[in-house]
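Those sequence lines, one after another, are chains A and B. Take 1 as the starting number for the first sequence in UniProt numbering and just add one per residue. Take 1 as the starting number for the second sequence in UniProt numbering and just add one per residue.
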Amino acid sequence: MSAVTTPARQDTGGTSAKTLNRIVIYGLLALFALFYLMPLFVMLVTSFKTMDEIQNGNMLALPRAPTFEPWLKAWGETCVGLTCAGIKGYFWNSIKMVVPAVLISTLLGALNGYVLTKWRFRGHTLVFGLMLFACFIPFQSVLLPMATILGSLSRFGVTLQNATGFSFGLGNPTVNLVFVHVVYGLGFTTLFFRNYYEAFPTELIKAAQVDGASFFQIFRRIMLPNSMPIFVVTVIYQFTNIWNDFLFASAYAGTGDAMPMTVALNNVVNTSTGVVEYNVNMAAAMIAALPTLLVYVVAGRYFVRGLMAGAVKG
Amino acid sequence: MSTVAETSMTLTPEHDTRPSASVRSRLQDALPKIVLAPSFAATVVFVYGFILWTIYLSFTNSKTFPSYAITGPRAYQRLWRWTFESDPPSSWYTSITNMGIFGFLYIFICLALGLFLAILLDQKIRGEGVLRPIYLYPMALSFIVTGVAWKWFLDPGLGLEQTLHQWGWTSFHFDWIKNKDFVIYTVVIAGVWQASGFIMAMFLAGLRGIDGEIMKAAQIDGATTFQLYRRIVIPLLRPVFLSAFIVLAHLAIKSYDLVVALTSGGPGGSAWLPSNFMYEYTFKRNEMAVGSASAVIMLMTITAIIVPYLYSELREKPR
Chain A
1 MSAVTTPARQ DTGGTSAKTL NRIVIYGLLA LFALFYLMPL FVMLVTSFKT MDEIQNGNML
61 ALPRAPTFEP WLKAWGETCV GLTCAGIKGY FWNSIKMVVP AVLISTLLGA LNGYVLTKWR
121 FRGHTLVFGL MLFACFIPFQ SVLLPMATIL GSLSRFGVTL QNATGFSFGL GNPTVNLVFV
181 HVVYGLGFTT LFFRNYYEAF PTELIKAAQV DGASFFQIFR RIMLPNSMPI FVVTVIYQFT
241 NIWNDFLFAS AYAGTGDAMP MTVALNNVVN TSTGVVEYNV NMAAAMIAAL PTLLVYVVAG
301 RYFVRGLMAG AVKG
Chain B
1 MSTVAETSMT LTPEHDTRPS ASVRSRLQDA LPKIVLAPSF AATVVFVYGF ILWTIYLSFT
61 NSKTFPSYAI TGPRAYQRLW RWTFESDPPS SWYTSITNMG IFGFLYIFIC LALGLFLAIL
121 LDQKIRGEGV LRPIYLYPMA LSFIVTGVAW KWFLDPGLGL EQTLHQWGWT SFHFDWIKNK
181 DFVIYTVVIA GVWQASGFIM AMFLAGLRGI DGEIMKAAQI DGATTFQLYR RIVIPLLRPV
241 FLSAFIVLAH LAIKSYDLVV ALTSGGPGGS AWLPSNFMYE YTFKRNEMAV GSASAVIMLM
301 TITAIIVPYL YSELREKPR
């Protein structure tokens, strides 16, 4: 073991033993890279194969005649439950849910972080502690009461609909999911901004106050222009989490036309009727994974930073 | 930070221009609290209020619909009885046994693999910028996608087993995903695949934060590489171990989607974790009180891990 991990900091003594070390290290690293890439690779090549090739060919072989058909079928034709109109509708459901939920929770988190660092009051640690703990609860412990409340709200929405002709979004599964994700995302967004603003020089706020700037003026003119990095981190974090959520999605929009992408994908894959079209399943999974993968490729640095901030507090 | 100074200069003093109304200034004083109030209220009601509601339900006789007459700890008694019903195993026995196996292996392998990869990557590797994102990207995928990918990969008729058969290793046999005694280990494999890269990134950040002088001094003193890591580096990484442990423990207890997507619960529910048990009993088997009781037990477990951690984190730096 000690021979394998010679630190590169030691620049002296270049021998053949050292070369061997390097080969072993690079070999191990490459092996693990294969381990991490394999499932994605298999998913990708399978989604471009015909069913015939899947049944008779090798899982790891490249498609002999790449076809885009499975992707088109997954997007526009495959069956989710009893409706066979592809997953495109569910993809848009997810977008319609994710965008407002991310924006609202991020903005609220920024304001909360600002108050909790720059406008402190007695008991601010307790308030923050309570919000922080909320990040860690297993959502199973709030799942049922929320279902009950959302159920009542939707009945109230029907009453409103009958009385005024407009339900004000009550009972709409997408609105419900936005609400749920904002409420249970607040802890994290507040945490991110609080930790970021903690390091922000309080003297500047004091000076602006002396100049007569109001609470919101300071927030808009001083805090916001300097919050770009943490905004990116928070938006990416929330986007990934909410897009990937399955528990809330299946509990509150598990059936019907409003289900988000993750639930639809699970339904596509676990459909027991008819011939299982693996290539279409894989294409559907790729489509479900693309938005978050894209975010990761474009802004991986911020993605990692967000995960770290969620993990390492203080 | 020069932009900060500039922007603050442009702020116009406004309080001189209008008469000082005490109501207005009191409103200004209360404004921060007013801004924070909705979020805090939402947390109190929808997190803590709902937790109390769940606890309440767990002491009732709720079946398909919530009932609000307290009937005592019957749900807990049933869970307790099921805890020891191992032949044939009750779903609760299966769930908590699986939780133990999954939790231990998932946390242990992720920590070991993460640390190992971080140390390897910290050896001034050419192409680190390519390797790191490859190790880490699974974290961006949803558990559902991970489950779908691994379900395919581990399927005996289509995936790894068939591939090796085609390559001539016809005696190779790997059907864990269809085997009720081993299906939980496939959940471990997929879970480790997803999270270990992230743990690697945490350890790598920790390694990069270690003062190079300490390492140099140890090397001058003649420490071998192995000693260097065992005696100096790993002890210095203790806070990272703690954070990583908290993250993994929390992910493990919350794991629900992965089991659903990868195994659909496994043969006869043999891959269930407590989170799956809760969902099934509450929403599908019309045993709301039992489901709530299991949710309370999950919450207690997480609380026991998280609260001491948060307490020390918040206490550590009194500001």
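Every residue gets a Cβ at the ideal spot worked out from N, C-alpha and C, and that includes glycine. Owing to the predicted nature of the structure, the values given are computational and were not obtained by experimental measurement.
Check                                                                                                                                                                                   : Outcome
How about B/S142: is its C-beta nearer than 9 Å to some C-beta of chain A?                                                                                                              : yes
State the Cα-Cα distance for the pair B/P274 and A/E77, rounded to the nearest angstrom.                                                                                                : 36 Å
Is the segment 176–187 of chain B in contact with the segment 263–280 of chain B, if contact means three or more CB pairs nearer than 8 Å?                                              : yes
Write down the C-beta distance between A/I137 and B/L299 rounded to the nearest angstrom, noting that I regard them as a contact closer than 8 Å.                                       : 6 Å
For B/I70, which residues does DSSP report across the bridge?                                                                                                                           : B/T60
Leaving out the 5 sequence neighbours to the left and right, which residues in its chain are closer than 7 Å to B/L117 when beta-carbon positions are compared?                         : Y135 and M200
In chain A, what lies closer than 7 Å to B/D175 by C-beta?                                                                                                                              : What B/D175 touches in chain A: nothing, since even the nearest Cβ is about 16 Å away.
Is B/M215 closer than 9 Å to B/I232 when the C-beta atoms are compared?                                                                                                                 : yes
Apart from the five residues on each side of it in sequence, which residues of its chain come closer than 8 Å, Cβ to Cβ, to B/Q219?                                                     : L228
Name the chain B residues that come within less than 8 Å of A/L160, Cβ to Cβ?                                                                                                           : Ordered by position in chain B, no residue passes the 8 Å Cβ test against A/L160, which lies about 22 Å from the chain.
So, does the CB of B/G100 fall closer than 9 Å to a CB anywhere in chain A?                                                                                                             : no
Am I right that residue 403 of chain A and A/I287 are in contact with their C-beta atoms under 8 Å? What's the rounded C-beta distance?                                                 : It is not possible to answer for residue 403 of chain A, since the shown part of chain A is limited to 1 through 314.
What's the C-alpha gap between B/S312 and A/I54?                                                                                                                                        : 54 Å
Per DSSP, B/P89 forms a beta bridge with which residues?                                                                                                                                : B/S86
What does A/M146 touch in chain B if you count any residue whose Cβ is under 8 Å from its own?                                                                                          : F46 and F50
Give every residue of the same chain whose Cβ lies closer than 7 Å to the Cβ of A/S154, excluding the five residues on either side of it in the sequence, and list them in chain order. : L170 and G171
Would you list the one or two residues that DSSP bridges to A/T83?                                                                                                                      : A/V80
Threshold first: 4 residues or longer. Then list the alpha helix (DSSP H) segments lying entirely within the segment 100–169 of chain B, N to C.                                        : 128–136, 143–154 and 160–166
Closer than 9 Å, Cβ to any Cβ of chain A: which residues of the segment 225–251 of chain B, in chain order?                                                                             : T225, F226, Q227, L228, Y229, P239, V240, S243, A244, I246, V247 and H250
Going along chain B, which residues have a C-beta under 8 Å from A/L191?                                                                                                                : Within chain B, no residue comes near A/L191; the closest Cβ sits about 11 Å away, beyond 8 Å.
Tell me which residues of the segment 35–68 of chain A have at least one Cβ-Cβ distance to chain B shorter than 8 Å, keeping chain order.                                               : F35, Y36, L37, M38, P39, L40, V42, M43, T46, I54, N58, M59 and L60
Is there at least one Cβ from chain A nearer than 9 Å to B/Y96's Cβ?                                                                                                                    : Looking at the sequence itself, residue 96 of chain B is Ile, so the reference to Tyr does not match. No, B/I96 lies away from the interface with chain A (no Cβ there is under 9 Å from its Cβ).
From the beta carbon of A/G314, is the nearest beta carbon of chain B less than 9 Å away?                                                                                               : Residue confidence is low: A/G314 scores 35 on pLDDT, short of 50, so the model does not pin down where it sits. No coordinate-derived value is stated.
Given this structure, state the Cα-to-Cα distance separating A/V304 from B/V44, to the nearest angstrom.                                                                                : 30 Å
Of the residues A/V45, A/F48 and A/D245, which one's Cα is nearest the Cα of A/L177?                                                                                                    : A/D245
Give the DSSP-derived three-state secondary structure of A/N162 in the structure shown.                                                                                                 : helix
Would you call B/W193 buried or exposed, if buried means 16 or more other Cβ atoms sit within 10 Å of its Cβ?                                                                           : buried
May I ask you to report which of helix, strand or coil DSSP gives A/H124?                                                                                                               : helix
Around the C-beta of A/S152, are 16 or more other C-beta atoms found within 10 angstroms, so that it is buried, or is it exposed?                                                       : exposed
When the cut-off is 9 Å and only beta carbons count, does B/T282 lie next to chain A?                                                                                                   : yes
Using 8 Å as the Cβ pair cut-off and three pairs as the minimum, do the segment 246–254 of chain B and the segment 101–116 of chain B touch?                                            : yes
When you compare the CB positions of A/P70 and B/W150, do they come within less than 9 Å of one another, or not?                                                                        : no
Could you tell me if the beta carbon of A/S94 falls within a distance shorter than 8 Å of some heavy atom in the ligand MN?                                                             : Absence of the ligand MN is noted for the structure shown, with no ligands found whatsoever.
Which residues in chain B have a C-beta closer than 7 Å to the C-beta of A/G300? List them in chain order.                                                                              : P133
Would a check of beta-carbon distances place B/Q77 closer than 9 Å to chain A?                                                                                                          : no
Can you tell me the Cα-Cα spacing of A/P201 and A/A208, whole angstroms?                                                                                                                : 12 Å
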